[in-house]
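Down below is the structure, laid out as structure tokens.
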Amino acid sequence: MKLFPEDLLYSREHVWVRVDGNLATIGITDYAQEKIGEAVDIELPDGEAYLERDEPFGTIETAAKGVIDLISPVSGEVLNVNEDLLEDIGIVNSDPHETGWMIVVDMAYPDELDDLMDLGEYNEYLSQEGDVD
Numbered sequence: 000m001k002l003f004p005e006d007l008l009y010s011r012e013h014v015w016v017r018v019d020g021n022l023a024t025i026g027i028t029d030y031a032q033e034k035i036g037e038a039v040d041i042e043l044p045d046g047e048a049y050l051e052r053d054e055p056f057g058t059i060e061t062a063a064k065g066v067i068d069l070i071s072p073v074s075g076e077v078l079n080v081n082e083d084l085l086e087d088i089g090i091v092n093s094d095p096h097e098t099g100w101m102i103v104v105d106m107a108y109p110d111e112l113d114d115l116m117d118l119g120e121y122n123e124y125l126s127q128e129g130d131v132d
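Mapping of the sequence shown onto numbering that gives the first Met the number 0: position 26 corresponds to residue 25, and the numbering continues sequentially without gaps.
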């Protein structure tokens, strides 16, 4: 079984959220990066863009799967974008839960977090998908 950080919340679209007050740092899970394969390009929103929950906040292009939408787990304004990813997309594959973060959002509706899964729920979700090693 894969080990995921316990301090994160997870979406059914395999996006993680690290919460710090009203700020949500967002990225894709190790499971997601493994499923999509080697990332070759990424498009992220500009700072100050407003995101709607369940809408794409960007795209990631992979050698195997083509272009995939990144689905936002929360609504709010983008405060910060990980510029390092724009220069070295490989970080998404090598360290998706730490240096591979994608954006920081000032959440408009923190109660949207209630719809996300904790680690135990996410692992159970993956096992129901039949995709856990």
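A virtual CB, placed ideally from N, CA and C, is assigned to each residue, including glycine.
Computed from a prediction, not measured in an experiment: that's the story for all the values here.
For residue i, which option in the options has the closest C-alpha, if you only look at C-alpha atoms?
i: glycine 65; options: Ser71, Asp45, Glu37 and Glu47; result: Glu37
i: proline 78; options: Tyr9, Gln32, Gly46 and Tyr30; result: Strictly speaking, residue 78 in this sequence is leucine, with proline absent from that position. Cα-wise, what sits closest to leucine 78 is Gly46.
i: serine 71; options: Met106, Lys34, Ser126 and Gly119; result: Met106
i: arginine 17; options: Asp114, Glu97, Asp110 and Ile41; result: Glu97
i: glycine 20; options: Leu118, Pro109, Thr58 and Tyr49; result: Pro109
i: serine 93; options: Ile67, Glu33 and Gly119; result: Glu33
Among all the DSSP beta bridges, which residues are the ones paired with residue i?
i: glycine 20; result: Answer by DSSP bridge pairing: none, since glycine 20 is not bridged.
i: threonine 61; result: Ala38 and Gly65
i: tryptophan 15; result: Tyr9 and Gly26
i: leucine 50; result: Gly75
i: proline 55; result: Ile70
Starting from residue i, trace the beta strand (DSSP E) both ways and give me its first and last residue.
i: asparagine 122; result: That residue, asparagine 122, is in no beta strand (DSSP E); its alpha helix (DSSP H) goes 118-128.
i: glutamate 76; result: 75-80
i: aspartate 105; result: 102-106
Does the distance from the C-beta atom of residue i to that of residue j stay below 8 Å?
i: leucine 85; j: isoleucine 27; result: no
i: alanine 23; j: valine 73; result: yes
i: methionine 116; j: tyrosine 9; result: yes
i: isoleucine 133; j: proline 44; result: No information on residue 133 is available, as it lies outside the stretch 0 to 132 that the chain covers here.
i: phenylalanine 3; j: tyrosine 124; result: no
i: leucine 118; j: glutamate 5; result: yes
i: glutamate 82; j: threonine 58; result: no
State the CB to CB distance for the pair residue i and residue j, rounded to an integer number of angstroms; the pair is presumed to be in contact (CB under 8 Å).
i: glycine 75; j: valine 39; result: Glycine 75 to valine 39, Cβ: 28 Å. No contact.
i: isoleucine 35; j: threonine 61; result: 5 Å
i: glutamate 128; j: arginine 52; result: So it is not a contact: roughly 21 Å between Cβ atoms.
With respect to the alpha helix (DSSP H) encompassing residue i, which residues constitute its N-terminal and C-terminal limits?
i: isoleucine 90; result: 90-93
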